[in-house]
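In what follows, a single structure is set out as structure tokens and then discussed.
2 protein chains.
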Amino acid sequence: MRAAAERVRDHVLRTPLLPLEIGGVRLWAKPECLQTGGSFKLRGAANRLLQLSPEQRSRGVVAFSSGNHAQGVAIAARRLGIAATIVMPADAPAVKRSATLAAGARIVDYDRGSESREEIGARLARDSGAALVPSFDDVDIIEGQGSAGVEIGEQLQDVVGATPDKVLVCCGGGGLSAGIALALPEAEIVTVEPQGWDDMARSIDAGRPVPVPDDAPPTRCDALQTKLVSPLTLGALRDHGARGVSVREDETAAAMAWAARHLRLVVEPGGAVALAAALTGKAGPLSERSVVVLSGGNVDPVVYADILKGHSGTV
Amino acid sequence: MRAAAERVRDHVLRTPLLPLEIGGVRLWAKPECLQTGGSFKLRGAANRLLQLSPEQRSRGVVAFSSGNHAQGVAIAARRLGIAATIVMPADAPAVKRSATLAAGARIVDYDRGSESREEIGARLARDSGAALVPSFDDVDIIEGQGSAGVEIGEQLQDVVGATPDKVLVCCGGGGLSAGIALALPEAEIVTVEPQGWDDMARSIDAGRPVPVPDDAPPTRCDALQTKLVSPLTLGALRDHGARGVSVREDETAAAMAWAARHLRLVVEPGGAVALAAALTGKAGPLSERSVVVLSGGNVDPVVYADILKGHSGTV
């Protein structure tokens, strides 16, 4: 874990720890929306790509992603001179597609409903000899994301002279949550998911990966639409004693408006669920040793503007 | 200058230096929109209030402000246990009024068109014995704002191992610009103002304070609607060899949309003019030693949403 944090240190932005106040309690935000590429995903991608051999690098990398992992891989690959191919759902937010292209990656589209991105990715990797870069089911990826947790530990020590007692983390496949759990063994970890997509919470309870049901409600949290967590991320979170909570779409939207107004940060829906859990009290008591991770900020401007307008009177 | 930066260090947020890329050039942003209170104004207010005697503190403070200085004074005063009264235009953005009230200050309204805030403020100070806290025409205020420049110097040394060659600063009365000029004697300082409100640029050229004409066009940059700069700020900037440029309202709006999309930062109109000058090339060549100050992020959500929608296709 420490080795991964050292490895990526010069390749990622050390995002600040920002104070916020909820119900009279001062706590902290870790705004990974300020990270290069607009989400924490560069951390894991950098940690994985930095460990490829020169020969592996020459054959390129393949990843599948709805957007944030795509940008993380594309940016890390460009910096290391590696060709990147990203398998992306055709309905991914335009802001994420164009940023991935801008970072120099090739995009291969697939249909979320009828095609398997895993199969397309595996075929591309087989045909070209490229290395697959998983979005969460990989020790290097998990440890790379955990560098955010290492920073949280160091930064909280600086500002309050103590270790974190609780960290609220937005959770899709669980790579960030598991990495932070490994980095901060003494903190309570609360994974936060959209209602109906809280498969990590249910998997923690069940002790095995439980898929999202096919009739899950629509969600604006495109970054958290993972259908099944992995034994790796689930195992790390269960070993740690993590627990999971879920938030409604309107609570997430209100958290985005709150972040704009009170933190001056643009947070995407999937990046705002942990803040929503803090604002609604769903994550339990908070303290000056509590940290809320804002995991990403890539949201289409028109969608974002509509959400701000809809919730401007409430925050 | 160094003494002021030391004095306020534990009272303000050390905002990060964030990378950005314009036309293939990587440069840096200093996001004071992330500062406590949503603008740099806490820096000067803290530096001023920390130097009041216990007896002065007991009589309270008075300030006049369209909003950001109000919040800076209110927050600094609350933390030091000082009563604050703020003289505020009746048409100040609601988001700034409510944040000032939330920080525990008393607000006295005045009409921008028919009343003099200076006279109201002076009368309140005289009647109550409270200390007036000017928004820019004061050495302590200027030096406090300059702590942002001290941080820029330290942070740029950390990331590129060099001193800044150019700093673009949003300019109203010139407190922030003058403070940064004093803190960074070797950097070129470019003050940026809204078109028609570029009295600092014209005052630098004329060698004396030149007021904004009465027929100046409307601007959304409420934070930069200063009618006349002060000899103090003008003198510091002229001594430094600063120059001034101006940007159009649509350029400012596009810069706000650009900041939301590429930096995931909420920047208010008056806080985005320096970025607009960078994006339009009006501030001249940029380099990895150039820094753009984003001076504030307090914007009414509905106004902000409309601006994002209007410019979503252009950034």
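Top line first, the protein sequences correspond to chains A and B. Counting in my numbering, the first sequence runs from 1176 upward without gaps. Counting in my numbering, the second sequence runs from 1176 upward without gaps. Cβ coordinates follow ideal geometry from the N, Cα and C atoms, glycine included.
4 or more residues per run - each alpha helix (DSSP H) lying fully within the segment 1236-1302 of chain A: 1243-1255, 1269-1277, all fully within the segment 1236-1302 of chain A.
Nearest to residue 1278/B by CA position, among 1191/B, 1211/B, 1486/B, 1198/B, is which residue? Position 103 of the second sequence, counting from 1, holds the residue named residue 1278/B. Minimum Cα distance to residue 1278/B is reached at 1211/B.
Taking any Cβ of chain A, which residues in the segment 1471-1483 of chain B have a Cβ under 7 Å from it, in chain order? Result list: 1472, 1476, 1477, 1479, 1480, 1483.
Once the 5 residues before and after residue 1306/A are set aside, which same chain residues still bring their CB inside 8 Å of it? Taking the first residue of the first sequence as position 1, residue 1306/A is located at position 131. So the qualifying residues of the chain are 1227, 1231, 1234, 1235, 1236, 1237, 1300.
Measuring alpha carbon to alpha carbon, tell me which of 1321/B, 1378/B, 1460/B ends up nearest residue 1350/B. Numbered from its first residue, the second sequence carries residue 1350/B at position 175. Nearest C-alpha to residue 1350/B: 1321/B.
Enumerate in chain order the residues of its own chain whose CB-to-CB distance from residue 1292/B is below 6 Å, with the five nearest sequence positions on each side excluded. For the purposes of this step, residue 1292/B is taken as the residue at position 117 of the second sequence. Cβ neighbours of residue 1292/B beyond the five flanking positions: 1239, 1262, 1285.
Helix, strand or coil: how does DSSP classify residue 1228/A here? One-based indexing of the first sequence puts residue 1228/A at position 53. Note: residue 1228/A maps to coil in three-state DSSP.
Members of the segment 1434-1456 of chain B that neighbour chain A once the beta carbon cut-off is set at 7 Å: 1435, 1436, 1439, 1440, 1441
What's the gap between the Cα of residue 1478/A and the Cα of residue 1254/A? Within the first sequence, the letter at position 303 stands for residue 1478/A. Within the first sequence, the letter at position 79 stands for residue 1254/A. Their backbone Cα atoms lie some 31 Å apart in a straight line.
List the endpoints of the continuous alpha helix (DSSP H) containing residue 1314/B. For the purposes of this step, residue 1314/B is taken as residue 139 along the second sequence, with counting starting at 1. Counting along the chain, the alpha helix (DSSP H) containing residue 1314/B begins and ends at 1314-1320.
Which chain B residues sit within Cβ distance under 7 Å of residue 1487/A? Along the first sequence, read from residue 1 onward, the residue named residue 1487/A stands at position 312. Near residue 1487/A (Cβ distances below 7 Å), the residues of chain B are 1476, 1477.
Per-residue contacts from residue 1268/A into chain B (C-beta, under 9 Å): Here residue 1268/A corresponds to residue number 93 of the first sequence, with the count starting at 1. Neighbours of residue 1268/A on chain B: none; closest Cβ ~11 Å, over 9 Å.
According to DSSP, residues forming a beta bridge with residue 1372/A: As a position in the first sequence, residue 1372/A is number 197, starting the count at 1. For residue 1372/A, which the question treats as bridged, DSSP gives no partner whatsoever.
Give a yes or no on whether the C-beta atoms belonging to residue 1309/B and residue 1473/B are separated by under 8 Å. Residue mapping note: residue 1309/B aligns to position 134 of the second sequence, counting from 1. Residue mapping note: residue 1473/B aligns to position 298 of the second sequence, counting from 1. It is not a contact, given that the beta carbons lie outside the stated cut-off.
Would you list the one or two residues that DSSP bridges to residue 1205/A? Within the first sequence, residue 1205/A is the residue found at index 30, counting from 1. Residue 1205/A is bridged to 1468/A.
Cβ-based contacts, 9 Å cut-off: residues of the segment 1340-1355 of chain A near chain B: none
Spell out the partners DSSP gives residue 1214/B in its beta bridges. Taking the first residue of the second sequence as 1, we reach residue 1214/B at position 39. 1471/B, per the DSSP bridge assignment.
For the alpha helix (DSSP H) that residue 1357/A lies in, which residues bound it at each end? What you label residue 1357/A is simply residue 182 of the first sequence in a count that begins at 1. First-last of the alpha helix (DSSP H) with residue 1357/A: 1350-1358.
Can residue 1209/B and residue 1331/B be called in contact, C-beta distance under 8 Å? On the second sequence, position 34 is the one that residue 1209/B refers to. On the second sequence, position 156 is the one that residue 1331/B refers to. Against a cut-off of 8 Å, the Cβ pair of residue 1331/B and residue 1209/B comes out as no contact.
State the beta-bridge partners of residue 1196/B as determined by DSSP. Residue mapping note: residue 1196/B aligns to position 21 of the second sequence, counting from 1. 1201/B.
Taking CB distances under 8 Å as the criterion, tell me whether residue 1213/A reaches chain D. Among the chains of the structure shown, chain D does not appear; the protein chains present are A and B.
Along chain A, which residues have their Cβ under 7 Å away from the Cβ of residue 1209/B? Counting from 1 along the second sequence, the entry for residue 1209/B is found at position 34. Going along chain A in sequence order, the residues near residue 1209/B (Cβ under 7 Å) are 1193, 1439.
Residue 1432/A CB to nearest chain B CB: under 8 Å? Within the first sequence, the letter at position 257 stands for residue 1432/A. Output row for residue 1432/A: interface = yes.
If you measure between the beta carbons of residue 1334/B and residue 1464/B, is that distance less than 8 Å? Position 159 of the second sequence, counting from 1, holds the residue named residue 1334/B. Position 289 of the second sequence, counting from 1, holds the residue named residue 1464/B. Going by C-beta atoms, residue 1334/B is not nearer than 8 Å to residue 1464/B.
Which whole runs of the beta strand (DSSP E) in the segment 1380-1450 of chain A are 3 residues long or more, in chain order? Runs found: 1418-1422.
Can the beta-carbon of residue 1372/B be found less than 8 Å from the beta-carbon of residue 1400/B? The residue given as residue 1372/B occupies position 197 in the second sequence. The residue given as residue 1400/B occupies position 225 in the second sequence. Closer than 8 Å, so yes.
Does the Cβ-Cβ distance between residue 1313/A and residue 1223/A come in under 8 Å? Mapped onto the first sequence, residue 1313/A falls at position 138. Mapped onto the first sequence, residue 1223/A falls at position 48. In contact: residue 1313/A and residue 1223/A (Cβ atoms closer than 8 Å).
Spatially closest choice to residue 1426/A from 1381/A, 1386/A, 1370/A, 1383/A, by CA coordinates: Here residue 1426/A refers to the residue found at position 251 of the first sequence. For the options 1381/A, 1386/A, 1370/A, 1383/A, the alpha carbon positioned closest to that of residue 1426/A is the one of 1370/A.
Which residue from 1389/A, 1404/A, 1364/A, 1177/A puts its Cα closest to that of residue 1383/A? Position 208 of the first sequence, counted from the start, is the residue given in the question as residue 1383/A. For the residues 1389/A, 1404/A, 1364/A, 1177/A, the minimum Cα distance to residue 1383/A belongs to 1404/A.
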